[in-house]
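Inspection log for the structure reproduced underneath, given as structure tokens.
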Amino acid sequence: MMVVTTSWYLALAAVLFSMGAVGLLIRRNPLIMIMCVELMLNAVNLTFVSLGSALGDLGGQLSVFFVLVVAASEVVVGLAVVVAIMRRRQGATVDDLSVLGG
Amino acid sequence: MDAAVFLISAAIVLAGAGGVLVARNPVHAALFLVQTLFGVSVLFVLQDATFLAAVQVIVYAGAVVILFLFVIMLLGVDRSEDLGVEPIVGQRPVAAVIGASLLGMLLIALLVSVDGPTGARGANAELGDAADNTRRLGEALFTDYVFAVELTAILLTVAVIGAVVLARRVRGPLAPLPVVVVTSVADDDPQGDEGPTDVAGAPDADTVGEGA
Numbered sequence: 000m001m002v003v004t005t006s007w008y009l010a011l012a013a014v015l016f017s018m019g020a021v022g023l024l025i026r027r028n029p030l031i032m033i034m035c036v037e038l039m040l041n042a043v044n045l046t047f048v049s050l051g052s053a054l055g056d057l058g059g060q061l062s063v064f065f066v067l068v069v070a071a072s073e074v075v076v077g078l079a080v081v082v083a084i085m086r087r088r089q090g091a092t093v094d095d096l097s098v099l100g101g
Numbered sequence: 000m001d002a003a004v005f006l007i008s009a010a011i012v013l014a015g016a017g018g019v020l021v022a023r024n025p026v027h028a029a030l031f032l033v034q035t036l037f038g039v040s041v042l043f044v045l046q047d048a049t050f051l052a053a054v055q056v057i058v059y060a061g062a063v064v065i066l067f068l069f070v071i072m073l074l075g076v077d078r079s080e081d082l083g084v085e086p087i088v089g090q091r092p093v094a095a096v097i098g099a100s101l102l103g104m105l106l107i108a109l110l111v112s113v114d115g116p117t118g119a120r121g122a123n124a125e126l127g128d129a130a131d132n133t134r135r136l137g138e139a140l141f142t143d144y145v146f147a148v149e150l151t152a153i154l155l156t157v158a159v160i161g162a163v164v165l166a167r168r169v170r171g172p173l174a175p176l177p178v179v180v181v182t183s184v185a186d187d188d189p190q191g192d193e194g195p196t197d198v199a200g201a202p203d204a205d206t207v208g209e210g211a
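Here you go:
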């Protein structure tokens, strides 16, 4: 009988975080890039909860609560920016938005 | 039993994440994201974080992904994206290398500190059992962390107001984008008749006047 230790959760969170980072780098649709940021935030949440339960501390779960709030507001503002951009340039990908690149 | 639940949930989580990475259609990516979020929620339940598991489903799957779907429908960008083209040469190999090295660093850090990163016990609040989870979280949030809770209230208000301002439909024609007039002082200088008596600011004032 295998025992699930904290390391299993942390390894899973590491894989999930890396997948989110790779997705952020390879995708060009701004919506899917925001989804990849959500994947990375979920990996961090999983780490917080795992270490919190490993150390017997409620602080991990409290941190996840605040991460959830910040992630929700980040999505709201990010999607508003995407809507504002797409109104002007239909179907724009992040490669098209290089005005600030100089 | 725990191991079986963990392995199944981990497979669901990773399959969902892979789906987000390779889905051509944004709607499919959003649904794969829901799959991942549910898997993480099961893992929260497995670790007795019952309140967070519920919040994960309600806030993420219920609010955030629905917001994604609203925006996809609103913008009509639900057509498939051609993943075959690679606009920046070498982007994907570099991204794979960066991702693999990131994963390697994280796993090495994990292996170095086996099961119990510092061994220090929590000093803030004791983690109760699952039945007690919500009450303890509420007590901690509204006593020790009440200032942070108030700050998140401000953050959410600011985010909502910012989103409304950003996504507001502007009445009438849009103001034209500002035209950047690129003039160099070196080109204008030989044409000027004033010669060396010019003060430093004068050519700039001339070009601005001509541009307008």
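Each protein sequence line maps, in turn, to chains H and D.
Just so we're aligned, residue 0 is where the first sequence starts under numbering that gives the first Met the number 0, counting upward by one.
Just so we're aligned, residue 0 is where the second sequence starts under numbering that gives the first Met the number 0, counting upward by one.
Even for Gly, the Cβ is constructed at its ideal location relative to N, Cα and C.
Being a predicted model, the structure only gives us computed values, none of them experimental.
Residues sharing a beta bridge with residue i, DSSP
i, result
"D56 (chain H)", "D:E125"
Spatial distance of residue i from residue j (CA atoms)
i, j, result
"A147 (chain D)", "L23 (chain H)", "30 Å"
"V84 (chain D)", "V19 (chain D)", "18 Å"
"L136 (chain D)", "I65 (chain D)", "27 Å"
"Q89 (chain H)", "F50 (chain D)", "41 Å"
"Q55 (chain D)", "P177 (chain D)", "44 Å"
"A48 (chain D)", "N132 (chain D)", "7 Å"
"A213 (chain D)", "L36 (chain D)", "The structure shown does not extend to residue 213 (chain D), since chain D spans only 0 to 211, so no value can be given for it."
"V70 (chain D)", "V82 (chain H)", "7 Å"
"V43 (chain H)", "Q60 (chain H)", "11 Å"
"G77 (chain H)", "L6 (chain D)", "33 Å"
"D1 (chain D)", "W7 (chain H)", "12 Å"
"V14 (chain H)", "L102 (chain D)", "6 Å"
"L124 (chain H)", "M1 (chain H)", "Outside the shown range of chain H (0 to 101) lies residue 124 (chain H), about which nothing can therefore be said."
"Q190 (chain D)", "G89 (chain D)", "Any reading at Q190 (chain D) needs caution, since the residue's pLDDT is 49, under 50, leaving its predicted position unreliable; the model's value is listed next. Straight-line Cα distance between these residues: approximately 47 Å."
"S97 (chain H)", "V63 (chain D)", "27 Å"
"L68 (chain D)", "T46 (chain H)", "28 Å"
"L11 (chain H)", "A53 (chain D)", "21 Å"
"P29 (chain H)", "A71 (chain H)", "16 Å"
"R134 (chain D)", "S52 (chain H)", "16 Å"
Closer than 9 Å at the beta carbon, the chain D residues around residue i
i, result
"M150 (chain H)", "Given a span of 0 to 101 for chain H in the structure shown, any question on residue 150 (chain H) remains unanswerable."
"L34 (chain H)", "Position check: residue 34 (chain H) holds Met in this sequence, whereas Leu was assumed. Per Cβ cutoff of 9 Å: V19, P25, A28, A29, F31, L32, V64, F67."
"L49 (chain H)", "Here the sequence assigns Ser to residue 49 (chain H), which means Leu is not the residue at that position. In chain order: L42, Q46."
"S52 (chain H)", "Q46, D47, A48, L126"
Interface residues of chain H facing residue i [CB-CB closer than 9 Å]
i, result
"T133 (chain D)", "The contacting residues do not exist; T133 (chain D) stays about 10 Å from chain H at best."
"G61 (chain D)", "In chain order: nothing, as chain H lies at least about 11 Å away."
"I71 (chain D)", "L30"
Neighbouring residues, chain H, relative to residue i (Cβ below 7 Å)
i, result
"F37 (chain D)", "The contacting residues do not exist; F37 (chain D) stays about 11 Å from chain H at best."
"A9 (chain D)", "L11"
Contacts that residue i makes with chain D (C-beta to C-beta distance below 8 Å)
i, result
"L38 (chain H)", "A16, V19, L32, T35"
Neighbouring residues, chain D, relative to residue i (Cβ below 7 Å)
i, result
"S97 (chain H)", "What S97 (chain H) touches in chain D: nothing, since even the nearest Cβ is about 11 Å away."
"V74 (chain H)", "V63, L66"
"V21 (chain H)", "L20, A94, A95, G98"
"V14 (chain H)", "L13, L102"
"W81 (chain H)", "In the sequence as displayed, the identity of residue 81 (chain H) is Val instead of Trp. Result: V70."
Members of the region 54 to 71 of chain H that neighbour chain D once the beta carbon cut-off is set at 9 Å: Per Cβ criterion, the list reads L54, G55, D56, L57, G58, G59, Q60, L61, V63, F64, F65, L67, V68, V69, A70, A71.
query: If you scan the region 32 to 63 of chain D from start to end, which runs of the alpha helix (DSSP H) of 4 or more residues do you find wholly inside it?
result: 49 to 54
- request: Could you please tell me which residues of the region 136 to 151 of chain D, in chain order, have their CB closer than 8 Å to any CB of chain H?
  value: L136, A139, L140, Y144, A147, T151
task: Could you name each continuous alpha helix (DSSP H) segment of 4 residues or more that falls completely within the region 20 to 87 of chain H, going from the start of the chain to the end?
output: Every unbroken stretch of the alpha helix (DSSP H) spanning 4 or more residues and falling wholly within the region 20 to 87 of chain H is given here in chain order: 29 to 54, 58 to 87.
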